[in-house]
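Worksheet for the structure shown next.
2 protein chains.
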Amino acid sequence: MVLNMKYPIGAKKSTKKYNNYGNRGMGLEGDLEITNNYYLQTDQAIIHKKPTPITIAKVDYPSRLEAVIKEGYFRTPSTTDYNGIYKGKYLDFEAKETTHKTSFPLSNIHNHQINHLKAIFHHGGIGFIIVRFTTLNQTYLLTVEKLIKFLKNNNRKSIPLDYFKENGYIIKDKYNPRVDYLEVIDNIYFNGGNNEKNKT
Amino acid sequence: MVLNMKYPIGAKKSTKKYNNYGNRGMGLEGDLEITNNYYLQTDQAIIHKKPTPITIAKVDYPSRLEAVIKEGYFRTPSTTDYNGIYKGKYLDFEAKETTHKTSFPLSNIHNHQINHLKAIFHHGGIGFIIVRFTTLNQTYLLTVEKLIKFLKNNNRKSIPLDYFKENGYIIKDKYNPRVDYLEVIDNIYFNGGNNEKNKT
Chain A
14 MVLNMKYPIG
24 AKKSTKKYNN
34 YGNRGMGLEG
44 DLEITNNYYL
54 QTDQAIIHKK
64 PTPITIAKVD
74 YPSRLEAVIK
84 EGYFRTPSTT
94 DYNGIYKGKY
104 LDFEAKETTH
114 KTSFPLSNIH
124 NHQINHLKAI
134 FHHGGIGFII
144 VRFTTLNQTY
154 LLTVEKLIKF
164 LKNNNRKSIP
174 LDYFKENGYI
184 IKDKYNPRVD
194 YLEVIDNIYF
204 NGGNNEKNKT
Chain B
14 MVLNMKYPIG
24 AKKSTKKYNN
34 YGNRGMGLEG
44 DLEITNNYYL
54 QTDQAIIHKK
64 PTPITIAKVD
74 YPSRLEAVIK
84 EGYFRTPSTT
94 DYNGIYKGKY
104 LDFEAKETTH
114 KTSFPLSNIH
124 NHQINHLKAI
134 FHHGGIGFII
144 VRFTTLNQTY
154 LLTVEKLIKF
164 LKNNNRKSIP
174 LDYFKENGYI
184 IKDKYNPRVD
194 YLEVIDNIYF
204 NGGNNEKNKT
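If you read the sequences in order, they're chains A and B.
Under the numbering used here, the first residue of the first sequence carries the number 14, and numbering increases by one thereafter.
Under the numbering used here, the first residue of the second sequence carries the number 14, and numbering increases by one thereafter.
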């Protein structure tokens with residue numbers, strides 16, 4: 014049972030409608046949703062985005078069957094947004110967009126998300142980040158191994174675009190699946206160690 | 014940054030405070046939270062509960078840094094509540110309590126959650142349900158294999174307690190970890206096929 018959203022007729026000045034699905038199909042998050050649905054429908058992988066963590070403070074019950082959250086707060090996620098299973102392997106990643114043209118600010122990813130990815134790697138899972146440079150219209154996949162390498166050797170607060178070009182993998186734009194990151198994962202982890210790199 | 018919960022001084026009649034953490038340490042969900050934290054701290058496994066999926070309809074911004082959800086609705090989850098990685102394997106489960114004494118009503122688990130668990134199994138992951146009979150103070154783990162077997166051979170709307178006793182595994186009460194379900198998983202999947210069963 015999915016409850017319908019109810020939009021207010023007269024919204025307060027400081028109140029904004031929150032479009033959960035307004036961006037579906039637009040932006041990296043929407044593209045990934047379509048892509049993950051495609052993987053699911055074609056039975057290639059089971060990968061889902063975790064719901065946004067929310068602390069609920071007040072709930073109204075206008076009827077016995079309906080519950081309306083009247084006060085809630087966004088929490089900082091303790092893990093990455095996406096995880097699932099692909100070819101029997103545990104897979105885990107975070108996806109971010111940036112309007113920057115020459116580097117990706119690390120402030121976009123929480124420290125505990127990076128630590129989570131490191132732990133996933135040490136437990137034998139596949140971990141990575143997907144970063145889209147929206148202005149350049151380029152989307153990169155960077156494995157947690159290469160992310161760790163960067164953090165070890167740098168005190169910089171952003172990862173240069175060049176680092177993505179040299180150590181990451183570009184994810185080509187497609188019609189379907191829109192952001193075919195599993196093609197990259199195949200090349201890195203499932204082609205008998207033949208780390209063929211998708212060059213720009 | 015975790016925003017503090019703000020409780021209303023004068024709550025409306027139909028409004029209830031929602032204790033996100035009120036049950037921490039109590040009930041199966043609280044026990045599993047403590048257990049999963051223990052696994053995480055001891056670096057045995059990385060298993061998290063997914064946040065409750067919520068459709069947000071209205072958000073207030075009383076200040077630039079604060080966002081308050083003013084209208085939201087609970088969504089039906091499309092997957093199980095728990096997943097993660099253990100010994101390199103993808104692990105996925107749903108946990109439920111029942112006050113029933115002789116059977117577990119299948120209405121407690123959504124159909125798409127069962128289908129999700131089946132798909133996980135077919136993709137090579139470890140899937141199961143944890144069911145606590147609160148009145149009996151007994152907690153069982155039933156693998157998705159045995160769940161599928163039951164659903165194939167039965168049209169019943171509940172799984173009898175006896176089926177859990179014969180096909181499931183009891184999870185012993187402990188101090189720490191409180192609900193040591195990985196001990197059961199070890200016995201089933203990681204002891205070289207030695208499916209030693211923890212009998213009551």
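Think of the CB as a built atom: it goes at the ideal place given N, C-alpha and C, for glycine as much as any other residue.
**Item:** Residues bridged to Gln151/A (per DSSP)
**Value:** DSSP, once it has assigned bridges, lists Phe146/A as partnering Gln151/A.
**Beta-carbon proximity list for Arg88/B, same chain, < 7 Å, skipping 5 on both sides** = For Arg88/B, the CB contacts under 7 Å within the same chain, skipping 5 residues up- and downstream, are Pro66, Ile67, Thr68 in chain order.
**Prompt:** Using a beta-carbon distance cut-off of less than 9 Å, what residues from the stretch 94-107 of chain A approach chain B?
**Reply:** Near chain B, meaning a CB-to-CB distance below 9 Å, the residues of the stretch 94-107 of chain A are Asn96, Gly97, Ile98, Tyr99, Lys100, Gly101, Lys102, Tyr103, Leu104, Asp105.
**Request:** Taking only beta carbons into account, state which residues of the stretch 79-93 of chain A come closer than 9 Å to chain B, listed in chain order.
**Result:** Within the stretch 79-93 of chain A, the residues whose Cβ lies closer than 9 Å to some Cβ of chain B are Glu79, Ala80, Val81, Ile82, Lys83, Glu84, Gly85, Tyr86, Phe87, Arg88, Thr89, Pro90, Ser91, Thr92, listed in chain order.
**Item:** Assigned secondary structure, Ser120/B (DSSP; H/G/I helix, E/B strand, else coil)
**Value:** In the structure shown, Ser120/B sits in a helix (DSSP, three-state: H, G or I).
**Request:** For my contact list, Val144/B and Leu130/B are in at a C-beta cut-off of 8 Å; report their separation, rounded to the angstrom.
**Result:** With a contact defined as Cβ atoms closer than 8 Å, Val144/B and Leu130/B miss out at about 13 Å.
**Asked** Excluding the five sequence neighbours on either side, which residues of its own chain have a C-beta within less than 8 Å of the C-beta of Leu53/A, listed in chain order?
**Response** Excluding its 5 nearest sequence neighbours in each direction, Leu53/A has C-beta neighbours in its own chain below 8 Å: Ile59, Ile60, listed in chain order.
**Message:** Need the endpoints of the alpha helix (DSSP H) that Glu42/B sits in, please.
**Reply:** Where Glu42/B is concerned, the enclosing alpha helix (DSSP H) stretches over 40-54.
**Prompt:** Using a Cβ-Cβ distance under 9 Å, would Asn142/A count as near chain B?
**Reply:** Per the sequence shown, residue 142/A should be read as Ile rather than Asn. With 9 Å as the cut-off, Ile142/A does not count as an interface residue toward chain B.
**Request:** Quick one: using the 10 Å Cβ neighbour count with 16 as the cut-off for buried, is Phe148/A buried or exposed?
**Result:** Residue 148/A is actually Thr in this sequence, not Phe. Thr148/A is exposed by the Cβ-count criterion.
**Request:** May I ask which residues mark the beginning and end of the beta strand (DSSP E) holding Ile82/A?
**Result:** Start and end: 81-87.
**Item:** Proximity winner among Asn96/B, His125/B, Pro75/B, Thr152/B, relative to Glu110/B (alpha-carbon distances)
**Value:** For Glu110/B, the closest C-alpha among the options Asn96/B, His125/B, Pro75/B, Thr152/B is that of Thr152/B.
**Asked** Contact check, Ala108/A vs Leu160/A under 8 Å by CB: the rounded distance?
**Response** Between Leu160/A and Ala108/A the Cβ distance is about 14 Å, and since that is not below 8 Å, they are no contact.
**Message:** Does Phe203/A come out as helix, strand or coil in the three-state DSSP assignment?
**Reply:** Correct three-state label for Phe203/A: coil.
**Request:** Under the assumption that Leu104/B contacts Gly138/B (Cβ atoms under 8 Å), give the Cβ distance between them as a whole number of angstroms.
**Result:** Under the criterion of beta carbons closer than 8 Å, Leu104/B and Gly138/B qualify as touching, at roughly 7 Å.
**Prompt:** What beta strand (DSSP E) runs, 3 residues minimum, are completely inside the stretch 157-196 of chain A?
**Reply:** 171-173, all fully within the stretch 157-196 of chain A.
**Asked** Should the stretch 164-180 of chain A be regarded as contacting the stretch 113-120 of chain A, the criterion being three or more beta carbon pairs within less than 8 Å?
**Response** Yes: at least three Cβ pairs fall under 8 Å.
**Request:** With a 10 Å radius around its C-beta and 16 neighbouring C-beta atoms as the bar for buried, classify Gly85/B as buried or exposed.
**Result:** Per the 10 Å Cβ criterion, buried.
**Item:** Proximity test, Gln151/B beta-carbon vs the ligand MG heavy atom, cut-off 8 Å
**Value:** The ligand MG is absent from the structure shown, which contains no ligand whatsoever.
**Asked** Do you know how far the Cα of Lys187/A is from the Cα of Asn180/A?
**Response** Those two C-alpha atoms are separated by around 22 Å.
**Message:** Threshold first: 3 residues or longer. Then list the beta strand (DSSP E) segments lying entirely within the stretch 90-142 of chain A, N to C.
**Reply:** Counting only runs of 3 or more, we get 95-99, 102-111, 116-118.
**Item:** Selection from Arg191/A, Lys102/A, Ile127/A that minimises the alpha carbon distance to Lys162/A
**Value:** It is Ile127/A whose Cα lies nearest to the Cα of Lys162/A.
**Asked** For Leu195/B, which residues of its own chain have a beta-carbon under 7 Å away from its beta-carbon, when the five flanking residues on both sides are left out?
**Response** The residues are Tyr52, Gln57, Ala58, Tyr99.
**Request:** Measure how close the beta-carbons of Pro64/A and Lys63/B come, nearest whole angstrom, since I'm counting them as under 8 Å.
**Result:** Sure, about 6 Å apart at Cβ, within 8 Å.
**Asked** Do Val157/B and Phe134/B have their C-beta atoms within less than 9 Å of each other?
**Response** Taking 9 Å as the Cβ cut-off, Val157/B and Phe134/B qualify as a contacting pair.
**Request:** Please list, in chain order, all residues of the same chain as Ser168/A whose beta carbon is under 6 Å from its beta carbon, the five residues on each side excluded.
**Result:** Per the sequence shown, the amino acid found at residue 168/A is Asn instead of Ser. Cβ within range, chain order: n/a, list empty.
**Request:** Please name the residue, chosen from Ala132/B, Met39/B, Asp94/B, that lies closest to Thr55/A on a Cα-to-Cα basis.
**Result:** Closest option to Thr55/A, Cα to Cα, is Ala132/B.
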